[in-house]
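Novice: One structure follows; several queries about it will come next.
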Amino acid sequence: MQTEKLRQALDRTGGDLDRLARAVGTTARAKSGVTFETSTIPALGNDDAFVGTALGLEEGATSGVVAGENGAFVLTATRVNEPAALTDQKRKQLHEQLLRQKRQQMRQQWIAGLREEATIQDNRGQYR
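Below, the structure is given as structure tokens:
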């Protein structure tokens with residue numbers, strides 16, 4: 010519903026974000042410093058769709074309507090900065106972080122599989 014309303018307003022306003030924001034009863038907000046390490050966006054929260062869309066835009070480009078976890082939005086990249094060179098230390102940190110995330114994901118999948126196949130009988134009431 011929100012996404013469709015925003016799409017219609019975007020078509021009517023021709024991509025001007027200020028006009029679009031007024032048309033849907035809000036204000037356009039600027040957010041600088043969005044990087045792969047950005048975890049939360051003020052007034053939006055944690056939204057991977059927002060960060061992914063922002064990082065995928067060329068300078069001056071405007072996204073279409075994107076449905077995120079916390080709402081629908083349209084982005085314009087006003088400036089794109091080249092990332093700093095990746096140092097060996099940073100590369101190692103990223104590698105370790107990805108390994109930890111993957112291990113945690115595998116544990117969660119393994120436990121979910123065990124629960125799915127297990128036959129659990131709740132006998133706690135017998136020990137009160």
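Every position in the sequence shown, counted from 1, becomes a number in the working numbering once 9 is added.
Positions of the beta carbon are idealized from the N, C-alpha and C atoms, including for glycine.
Fair warning: this is a prediction, and the values are worked out from it, not measured in the lab.
1) What separation, rounded to the nearest whole angstrom, lies between the Cα atoms of isoleucine 50 and aspartate 56?
2) Go ahead and pull the three-state DSSP assignment for glycine 34.
3) Threonine 85 bridges to which residues according to DSSP?
4) From alanine 37 to alanine 30, what distance separates their C-alpha atoms?
5) DSSP puts isoleucine 129 in a beta bridge; with which residues?
6) Inspect the beta-carbon positions of threonine 96 and valine 83 and report whether they are closer than 9 angstroms.
7) Kindly indicate which three-state DSSP category alanine 76 falls into: helix, strand or coil?
8) Could you say which of Thr85, Lys14, Glu46, Trp119 lies nearest to lysine 40 if we only look at CA atoms?
9) Assess contact between the segment 17-33 and the segment 56-67, defined as three or more Cβ pairs (one per stretch) separated by less than 8 angstroms. Is contact present?
10) Check the DSSP bridge columns for isoleucine 50 and list the partner residues they point to.
11) For glycine 69, I'd like the list of residues in its chain whose CB is within less than 7 angstroms of its CB, leaving aside the five on either flank, ordered along the chain.
Specialist: By the coordinates alone:
1) 7 angstroms
2) Glycine 34: coil per DSSP, three-state reduction.
3) Thr71
4) Between alanine 37 and alanine 30, the C-alpha separation is close to 6 angstroms.
5) In DSSP, isoleucine 129 forms no bridge with anything.
6) no
7) Of the three classes helix, strand and coil, the one that applies to alanine 76 here is strand, per DSSP.
8) Thr85
9) no
10) Gly54
11) Excluding residues within five positions, the ones whose Cβ falls inside 7 angstroms are Ala86.
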